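In the working numbering, the protein residues as written are 420 to 658.
Idealized CB from N, CA, C, for every residue including glycine.
Since we're looking at a predicted model, the values are computed, not measured.
Here the structure is laid out as structure tokens; the discussion comes afterwards.
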Ligand SMILES: O=C(O)c1cccc(C(=O)CC[C@H]2O[C@@H](n3cnc4c(=O)[nH]cnc43)[C@H](O)[C@@H]2O)c1
């Protein structure tokens with residue numbers, strides 16, 4: 420990425436987008452595109468509330484990427500950001516996780532012998548790898564913990580499911596519902612991707628009262644306040 424390229428920051432919902440926007444003081448313009456609406460900040464960051472779940476997040480992100488490419492101003496980096504569940508005790512509520520791997524945890528087939536990822540069936544991919552140099556910069560700037568972030572279509576709600584996910588993905592620190600979809604769209608355009616999750620709840624038995632969404636949104640704002648200079652200056656050739 421060079422200084423003239425732009426960064427697309429994709430959250431799921433407007434509350435997350437607005438939390439990220441809080442790190443970019445100054446005017447932001449609404450840009451309506453076919454299939455996506457952006458908030459464009461002064462500094463070359465476009466914010467997108469891409470929708471909940473991997474499919475809608477992929478569709479919205481792809482719409483924004485295609486519009487930018489057709490306009491001759493492609494993005495140099497896509498960032499999936501939002502709140503997420505944290506695996507305990509490594510990723511406590513309120514902490515930040517940056518993905519060193521973005522993995523689709525439930526894309527595959529159930530068999531009598533257990534879950535088979537779609538790659539074992541001979542199709543597609545289940546993991547995208549963000550650039551190492553960028554992950555290191557995020558860790559240095561924000562104190563985020565690096566680890567695998569799982570993308571799921573169903574929020575984990577039992578200890579059994581949490582344990583099964585950890586057994587299959589020992590490096591997993593967090594789960595969300597959009598990262599893999601955003602990463603698939605970025606990969607289709609040959610653009611590097613990053614995922615950052617602020618932990619709003621533990622991954623495990625469903626306890627809605629224990630979710631700390633406000634704290635996680637505040638952590639997102641704080642993280643992007645520290646991150647913006649690193650994202651602006653990051654160079655693809657560093658990796
Ligand atoms: O169950 C509820 O009452 C409820 C209220 C507000 C939001 C939700 C969600 O399920 C939000 C999903 C949304 O947030 C991300 N997220 C947050 N925590 C997790 C998690 O533990 N596992 C997966 N995704 C999570 C996710 O990326 C969605 O965008 C429920």
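Sequence-distant residues of its chain with Cβ nearer than 7 Å to residue i (five each side left out)
{"i": "residue 476", "result": "429, 431, 469, 470, 597, 600 and 601"}
{"i": "residue 663", "result": "Residue 663 lies beyond the stretch modelled for the chain, which goes from 420 to 658, so this question has no answer here."}
{"i": "residue 438", "result": "636, 639 and 640"}
Span separating the alpha-carbon of residue i from that of residue j
{"i": "residue 472", "j": "residue 523", "result": "11 Å"}
{"i": "residue 422", "j": "residue 640", "result": "Model confidence at residue 422 stands at a pLDDT of 44, short of 50, so the residue's coordinates are unreliable; what they give is reported in the following sentence. Approximately 23 Å, taken between the alpha carbons."}
{"i": "residue 644", "j": "residue 623", "result": "30 Å"}
{"i": "residue 552", "j": "residue 652", "result": "12 Å"}
{"i": "residue 584", "j": "residue 510", "result": "15 Å"}
{"i": "residue 492", "j": "residue 449", "result": "17 Å"}
{"i": "residue 495", "j": "residue 550", "result": "12 Å"}
{"i": "residue 656", "j": "residue 506", "result": "Low per-residue confidence applies at residue 656: pLDDT is 49, beneath 50, and the placement is therefore not dependable enough to give any value."}
{"i": "residue 595", "j": "residue 424", "result": "27 Å"}
In DSSP terms, what residue i is bridged to
{"i": "residue 465", "result": "427 and 459"}
{"i": "residue 534", "result": "529"}
{"i": "residue 515", "result": "617"}
Any non-hydrogen atom of ligand 1 within 7 Å of residue i CB
{"i": "residue 522", "result": "no"}
{"i": "residue 431", "result": "yes"}
{"i": "residue 516", "result": "no"}
Rounded distance between the beta-carbons of residue j and residue i, thought under 8 Å
{"i": "residue 484", "j": "residue 604", "result": "6 Å"}
{"i": "residue 521", "j": "residue 614", "result": "5 Å"}
{"i": "residue 610", "j": "residue 547", "result": "Actually they do not touch by this definition, with Cβ atoms about 11 Å apart."}
{"i": "residue 545", "j": "residue 537", "result": "6 Å"}
Cβ-based neighbour list, residue i, same chain, cut-off 6 Å, excluding 5 preceding and 5 following
{"i": "residue 567", "result": "520, 522, 588, 590 and 591"}
Close beta carbons around residue i, own chain, < 8 Å, minus the five adjacent residues each side
{"i": "residue 629", "result": "512, 620 and 621"}
{"i": "residue 647", "result": "442, 443, 462 and 464"}
Test: residue i CB closer than 8 Å to a CB of chain B
{"i": "residue 565", "result": "Included in the structure is just one protein chain, with no chain B present."}
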